[in-house]
Amino acid sequence: LFSDLSRRSVMAVTIYDCAGNQGDEIVVGGTTISLFDKTGVFRQGLYDLRLWPDVVADGSFHSKTPGKSNDYCNNQMQRLAKLAKKHRNGQIEKVDWLDRLTFREVELINEKEKRNSN
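Just so you know, UniProt numbering puts 34 at position 34 of the sequence shown, and the rest follows in order with no gaps.
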């Protein structure tokens, strides 16, 4: 039950590459995200999280492997994601031809920022 979880609960995810010698586990990277947002609401939906290469996820509240970052490019991606969510929820008027152009440009920006983040 969500009511049994602390507001400081986090989810830590470590990705392993199991290819190679039998039994070998190679850490690809890790990330951590709080289960509740700053207002105490349980997080839902999709998130683009930063993966820290070659690092096991740190499951502490003030993690050394935060999935959400405060750097500029991530803020730009988060801002665009919030606007896209408002659009999906009907809070921004839909204009088909403009939406197609805009969302294609948003995809290109996100791809570029993800490539540059490593």
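Quick reminder that beta carbons are idealized off the backbone N, C-alpha and C, glycines included. None of these values were measured; they are calculated from a predicted model.
For residue i, which option in the options has the closest C-alpha, if you only look at C-alpha atoms?
i	options	result
GLY67	VAL27, ASP4, VAL13	VAL13
SER9	ILE26, SER34, LYS64	SER34
PRO53	GLN44, GLY45, ARG43, VAL27	VAL27
Leaving out five residues before and five after residue i in sequence, what residues of the same chain have Cβ atoms less than 7 Å from its Cβ?
i	result
TYR72	With a pLDDT of 49 at TYR72, under the threshold of 50, the modelled position of that residue is not reliable, and the figure given next carries that caveat. Here the set comprises nothing.
GLU25	TYR16, CYS18
CA-CA distance, residue i and residue j?
i	j	result
ARG7	THR32	15 Å
ASP37	PHE61	12 Å
LEU5	TYR47	21 Å
ASP99	LYS85	13 Å
VAL41	ILE92	23 Å
GLN44	HIS87	17 Å
GLY23	SER3	38 Å
GLU107	GLU113	10 Å
ASP96	ARG115	29 Å
ASP55	LYS94	The sequence shown places Val at residue 55, not Asp. Distance between the alpha carbons of VAL55 and LYS94: 42 Å.
LEU101	GLY59	40 Å
LYS82	ASN89	11 Å
Ignore the nearest five residues each way along the sequence and tell me which others in residue i's own chain have a CB closer than 6 Å to its CB.
i	result
LEU51	GLY29, THR31
ASN75	none
Starting from the C-beta of residue i, find all residues in its chain whose C-beta is less than 8 Å away, skip the five residues before and the five after it, and write them out in chain order.
i	result
ASN110	ASP48, MET77, LEU80
PHE103	ALA84
ALA57	ALA12, VAL13, THR14, GLY30, THR31, THR32, SER63, THR65
Using the rule of at least 16 other Cβ atoms within 10 Å of the residue's Cβ for burial, across every protein chain shown, is residue i buried or exposed?
i	result
THR39	exposed
ALA19	exposed
Could one say the Cβ of residue i lies closer than 8 Å to chain B's Cβ atoms, at least one of them?
i	result
LYS64	No chain B is part of this structure, which consists of one protein chain only.
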